[in-house]
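S.K.: I'd like to ask some things about the structure below.
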Amino acid sequence: MAGETAAVIGKSVQIRGEVKGQEDLVVEGLVEGTITLSENKLTIGATARVTANVAAKDVVVQGHLQGDIHAAGRVELRSGSNVNGDIRAARLSVEDNAIFSGKVELDGTGADGGKGAGGHPPATAVSATSAGAQFGAN
Numbered sequence: 743m744a745g746e747t748a749a750v751i752g753k754s755v756q757i758r759g760e761v762k763g764q765e766d767l768v769v770e771g772l773v774e775g776t777i778t779l780s781e782n783k784l785t786i787g788a789t790a791r792v793t794a795n796v797a798a799k800d801v802v803v804q805g806h807l808q809g810d811i812h813a814a815g816r817v818e819l820r821s822g823s824n825v826n827g828d829i830r831a832a833r834l835s836v837e838d839n840a841i842f843s844g845k846v847e848l849d850g851t852g853a854d855g856g857k858g859a860g861g862h863p864p865a866t867a868v869s870a871t872s873a874g875a876q877f878g879a880n
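Here you go:
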C-alpha cells in the first residue's frame, strides 16, 4: 500500500499466538506461533527472533526465522538473515551471507504467468543447507 506506514512489533515486544492483519508488518521483537498477512508484506527485522510459520504476499527476512514461509509473491533473504524452514513462493532472492536450511518450492504463480526469466518455467524443488546461495538438488 503505497504511502502507508507498516505496523511494527518493537524490539521489546513478545507475542505468543496468532498474528493476522490487513496491513504491512515489520517484526523487530519475538513472535512464536503463526503470522498471516494474505495480501501484505511481512518484514522480519534484523533484531527479530521469530518461531512461526508465516504467510504473506511478500516476505523479507533480515533476522532469525524458524518456520516455513509461504508467499504469493517474493521472498527475500537478506545478508545476515538466518532461516530454518521450507519456502514456497513465486520468486526467491538470496543475498550473500544469508543462512538458509530447508527446501524451496518456486510455484511460478506470479504475474509472469508461471514463466521465469527468459520464458522458462521456474525450478520446482531445491534444497539448501549452508550460507549464501549454495543450492543442491533433492
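According to the working numbering, the sequence shown holds residues 743 to 880 in order.
Beta carbons: idealized from backbone N, C-alpha and C, even for Gly.
(1) In terms of residue numbering, what span does the beta strand (DSSP E) encompassing K845 cover?
(2) Look at G805 and T789 and say whether their C-beta atoms are less than 8 Å apart.
(3) How would you call L779, buried or exposed, if buried means at least 16 neighbouring beta carbons within 10 angstroms?
(4) Quick check: the Cα distance between S823 and D810, rounded to an integer number of angstroms?
(5) Grab the span of the beta strand (DSSP E) containing S754 for me, first residue to last.
(6) Since I believe A840 is in contact with L819 (beta carbons under 8 Å), could you give me their beta-carbon distance rounded to a whole number of angstroms?
(7) Using only the alpha-carbon positions, how far apart do D800 and E781 sit?
(8) What did DSSP end up calling R820 once you bin it into helix, strand or coil?
(9) Considering only DSSP beta bridges, list what S835 is partnered with.
(10) With DSSP as the reference, label E746 as helix, strand or coil.
M.R.: In terms of the structure at hand:
(1) 841 to 848
(2) yes
(3) buried
(4) 14 Å
(5) First-last for S754: undefined, no H or E at that position.
(6) 4 Å
(7) 8 Å
(8) coil
(9) E818
(10) coil
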